[in-house]
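Asker: Protein chains in written order, with this note's numbering: chain A, 191 to 522; chain B, 191 to 522. The beta carbon of each residue, even a glycine, is placed where N, CA and C say it ideally should be. Encoded as structure tokens, here's the structure I'll be asking about.
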DNA sequence: TTGTACGCGTTATCAG
DNA sequence: CTGATAACGCGTACAA
């Protein structure tokens, strides 16, 4: 059925090892022979059998990407860019959206050259595989393994700083509560740190926690804020994610208020989608392109140096202004 | 480094072929031996090498999914469900978001058991691989290969029918023009057929074509409609995709009109996201779950019968009402 | 320049 | 019940 180098060898009247050499561009083949072999391979529709090749060469030019939740908008761009970049480097990215450990296990068996794991905020405890170099993204330290993360704390801090400089003094943070997972802890800490730094009110009115990360949760959290009445009413809100921002905008619109005239909104997650919401939203965070670059480079580094172990955060936080915030005169 | 059945054999003082049998649950192994082997394998951290296994068994329990555009919301749910369903059937889905032909080629080499190809509306000509069973989804017929598609024409027809029954007589279709690709042709035909069937005005005012499928395109197309003034103004619009619907809603809101009081909106693409837009939108189309079920079954059928060739459309069109349309009194 | 022999990790077939 | 042995398709020393 499938055509192998032996078939080609037979057709070309040479040994199959000569075929192998010719196909792999070894110099030790006469040019005329190579031409003939290449041509025959072509017309017979030869495809190298990756399995067999890998079995002997320990190289598949393939990288496994574990991506447990496809739907998170923030990551679909990221994965796309990374996939392209890897392709430029000669690797083909294979994505699995099955549960983390099952995917790692599968990739381990498949003998991909390396695995990139996008760690979801919630969920199963990660069990690294000893059989393949892995890079983890978006989680806390994993002993013995390289981890890349983004500095969420700094992002949120800069968001508050930005609002503060525009004159805002009553700012509310809308996100999942800090206890939920380390990433939320991190963001929360950044917010609290900023409150201290700029001497802003730190009471209950500075927070509205959502139950989860769906837009409905953001909507509810914002509605709670709007119900607080004049004394607790902020002049600006910081949203902890793109999805939450959608809900926040929706709640504000439904209440009859307008962004940014009545209330300023700034969102976490520096992804293009922030510009496509019902109102384009100014966002803070590490740009997707920067993330993709760093992840790809790290991955290739890990590939070369399988034993490396580090915990590195990306601190290249940037603000993209889209007009969802307004400068105001701070009240005396 | 990696532990193989030979290592286990050595540790257990048996031959490697006995290990293989024990691991694969052959009945021809003494129970005590099996227990011992299993235990040793466990504690040595044995992982079967898929490559080697495949090399001999011609089976990888792996299915390649070619998914060229990750960002299309409609498909992310679909892929997720399919991945889960395949997992239940003992297959692990591997996704590639690289260009179609490159991905097919890669999967062909990797020797996945079958390939599912989501064909993007635009783009490269598809070159099926002779080395692996393939199922194509969402495109026109491909000679010699099984293709599954959805009946877009019927969906759009039913959307118009639905609006007609509610009393609407001036309905505008917002989508990419029919010449663009067969899928748009199909939708367009459904709309035109409905206009005929229900004797509705078929002039220019019944159409507003978008340049592309981004929400901005939908927005512009709807703005064009709104500029037409009273005589060309429809009481309802049919949107050709989820993304376009987002833009249409936005244009309507910006113009100060309200849905459904001033204008009814119905969207194509029966996906949950339609309920999460700024206004929940009534949508028509084959439900994602139905699509996933059919695709999975077809895929497994193709897997068993690699030579099958068919072109089948899914006609199970359903309307999910979300209150974005309003019954009106047709003017005499 | 070309061909031979071997091994990669596994399953399957047969003989013991 | 268990153990040799061949095969899967390929790359690579090494021999010719």
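What are the complete alpha helix (DSSP H) segments, minimum 4 residues, inside the stretch 197–231 of chain A?
Answerer: Those alpha helix (DSSP H) runs which fall completely within the stretch 197–231 of chain A and span 4+ residues are 206–213.
Asker: Please classify residue 278 of chain B: is it buried, with 16 or more other beta-carbons within 10 angstroms of its beta-carbon, or exposed?
Answerer: As a first step, residue 278 of chain B is located in the second chain; it is residue number 88 there, counting from the start. So residue 278 of chain B ends up on the exposed side.
Asker: Quick one: which chain B residues come within Cβ less than 8 Å of residue 238 of chain A?
Answerer: By one-based count along the first chain, residue 238 of chain A stands at place 48. By Cβ distance, chain B contributes 299.
Asker: Say whether the stretch 418–436 of chain B touches the stretch 360–373 of chain B, bearing in mind that this needs 3 or more beta-carbon pairs closer than 8 Å, one atom from each stretch.
Answerer: yes
Asker: If you draw a straight line from the alpha carbon of residue 386 of chain B to that of residue 427 of chain B, how long is it in whole angstroms?
Answerer: For the purposes of this step, residue 386 of chain B is taken as residue 196 along the second chain, with counting starting at 1. For the purposes of this step, residue 427 of chain B is taken as residue 237 along the second chain, with counting starting at 1. Approximately 17 Å, taken between the alpha carbons.
Asker: Taking residue 411 of chain A as the query, report the chain B residues whose CB atoms sit under 9 Å from its CB, ordered along the chain.
Answerer: As a working mapping, residue 411 of chain A is identified with position 221 in the first chain. None at all; the shortest Cβ gap to chain B is about 16 Å.
Asker: Unbroken beta strand (DSSP E) runs of length 3 or more, entirely within the stretch 276–341 of chain B: which are they?
Answerer: Entirely contained in the stretch 276–341 of chain B, the beta strand (DSSP E) runs reaching 3 residues are, in chain order, 282–286, 304–308, 324–327, 337–340.
Asker: Please go through the stretch 337–389 of chain B and give each complete alpha helix (DSSP H) segment of 4 or more residues, from N-terminal end onward.
Answerer: 342–355, 372–387
Asker: Leaving out five residues before and five after residue 424 of chain A in sequence, what residues of the same chain have Cβ atoms less than 6 Å from its Cβ?
Answerer: Reading the first chain from its first residue, position 234 is the one you call residue 424 of chain A. Taken in chain order, the residues that qualify are 360, 361, 362.
Asker: Which chain A residues sit within Cβ distance under 7 Å of residue 321 of chain B?
Answerer: On the second chain, position 131 is the one that residue 321 of chain B refers to. Within chain A, the residues near residue 321 of chain B are 192, 237.
Asker: Less than 7 Å between the C-beta atoms of residue 241 of chain A and residue 358 of chain B, yes or no?
Answerer: To locate residue 241 of chain A, count along the first chain from 1; it is residue 51. To locate residue 358 of chain B, count along the second chain from 1; it is residue 168. Cβ atoms of residue 241 of chain A and residue 358 of chain B: not closer than 7 Å.
Asker: List the residues of chain B that residue 242 of chain A touches, going by C-beta distances under 8 Å, in chain order.
Answerer: For the purposes of this step, residue 242 of chain A is identified with residue 52 of the first chain, where counting begins at 1. Residues of chain B passing the Cβ test: 241, 245.
Asker: By Cβ distance below 8 Å, which residues in the same chain neighbour residue 347 of chain B in space, the five residues on each side in sequence not counted?
Answerer: As a first step, residue 347 of chain B is located in the second chain; it is residue number 157 there, counting from the start. Counting only residues of its own chain and dropping the five nearest sequence neighbours on each side, residue 347 of chain B has a CB closer than 8 Å to the CB of 380, 381, 383, 384, 387.
Asker: Return the chain-ordered ranges of every alpha helix (DSSP H) run that is complete within the stretch 413–482 of chain B and spans a minimum of 4 residues.
Answerer: 432–444
Asker: CB-CB under 6 Å to residue 330 of chain B, same chain, minus the five flanking residues each way: which ones, in chain order?
Answerer: Mapped onto the second chain, residue 330 of chain B falls at position 140. Closer than 6 Å at the Cβ level, and outside the excluded window around residue 330 of chain B, lie 372.
Asker: Between residue 342 of chain A and the rest of its own chain, which residues show a CB-CB distance below 7 Å, the 5 nearest in sequence each way excluded?
Answerer: For the purposes of this step, residue 342 of chain A is taken as the residue at position 152 of the first chain. Result list for residue 342 of chain A: 373, 376, 377, 380, in chain order.
Asker: Using C-beta distances below 6 Å, list every residue in its chain close to residue 411 of chain B, excluding the 5 sequence neighbours before and after it, in chain order.
Answerer: Your numbering for residue 411 of chain B matches position 221 in the second chain. Contacts found: 364, 398, 400.
Asker: For residue 393 of chain A, which of helix, strand or coil comes out of DSSP?
Answerer: Sequence index remark: in the first chain, residue 393 of chain A carries index 203 (1-based). Looking at residue 393 of chain A - three-state DSSP - the assignment turns out to be coil, as it is neither helix nor strand.
Asker: Is residue 284 of chain B close to chain A, meaning its C-beta is less than 7 Å from at least one C-beta of that chain?
Answerer: Here residue 284 of chain B refers to the residue found at position 94 of the second chain. Chain A contact via Cβ: present.
Asker: Beta-carbon of residue 395 of chain B versus every beta-carbon of chain A: anything under 7 Å?
Answerer: Working through the second chain from its first residue, we reach residue 395 of chain B at position 205. Chain A, which has no Cβ nearer than 7 Å to the Cβ of residue 395 of chain B, makes this no.
Asker: Which value, in whole angstroms, describes the spacing of the CA atoms of residue 511 of chain A and residue 472 of chain A?
Answerer: Residue 511 of chain A sits at position 321 when you count from the first residue of the first chain. Residue 472 of chain A sits at position 282 when you count from the first residue of the first chain. Rounded to whole angstroms, residue 511 of chain A to residue 472 of chain A spans 5 Å at the Cα level.
Asker: DSSP three-state label for residue 524 of chain A, please.
Answerer: What the structure shows of chain A is the stretch from 191 to 522, and residue 524 of chain A is not part of that stretch, so it cannot be assessed.
Asker: Hey, residue 193 of chain A and residue 208 of chain A are a contact pair by Cβ (cut 8 Å); roughly how many whole angstroms apart?
Answerer: Translated into the one-based positions of the first chain, residue 193 of chain A becomes position 3. Translated into the one-based positions of the first chain, residue 208 of chain A becomes position 18. About 16 Å separates the two Cβ atoms, so there is no contact after all.
Asker: In chain order, what residues of the same chain have a beta carbon less than 6 Å from the beta carbon of residue 230 of chain B, not counting five sequence neighbours either side?
Answerer: Translated into the one-based positions of the second chain, residue 230 of chain B becomes position 40. Excluding positions up to five away in sequence, the list reads 198, 201, 202.
Asker: Once the 5 residues before and after residue 517 of chain B are set aside, which same chain residues still bring their CB inside 6 Å of it?
Answerer: Numbered from 1 along the second chain, position 327 holds the residue referred to as residue 517 of chain B. Within the same chain, residue 517 of chain B has close Cβ partners 356, 357.
Asker: Measuring alpha carbon to alpha carbon, tell me which of B:307, B:302, B:475, B:491 ends up nearest residue 332 of chain B.
Answerer: Counted from its first residue, the second chain places residue 332 of chain B at position 142. Minimum Cα distance to residue 332 of chain B is reached at B:307.
Asker: Could you tell me whether the Cβ of residue 487 of chain B comes closer than 7 Å to any Cβ of chain A?
Answerer: Taking the second chain and counting its residues from 1, the one referred to as residue 487 of chain B is at position 297. No, residue 487 of chain B does not count as interfacial toward chain A.
Asker: Keeping to the same chain, check which residues put their C-beta closer than 7 Å to that of residue 268 of chain B; ignore five residues upstream and five downstream.
Answerer: Along the second chain, read from residue 1 onward, the residue named residue 268 of chain B stands at position 78. Taken in chain order, the residues that qualify are 478, 481, 482.
Asker: State the beta-bridge partners of residue 504 of chain A as determined by DSSP.
Answerer: Position 314 of the first chain, counting from 1, holds the residue named residue 504 of chain A. Residue 504 of chain A is bridged to A:340.
Asker: Does residue 296 of chain B have its Cβ less than 7 Å from a Cβ in chain A?
Answerer: Residue 296 of chain B sits at position 106 when you count from the first residue of the second chain. Closer than 7 Å: yes.
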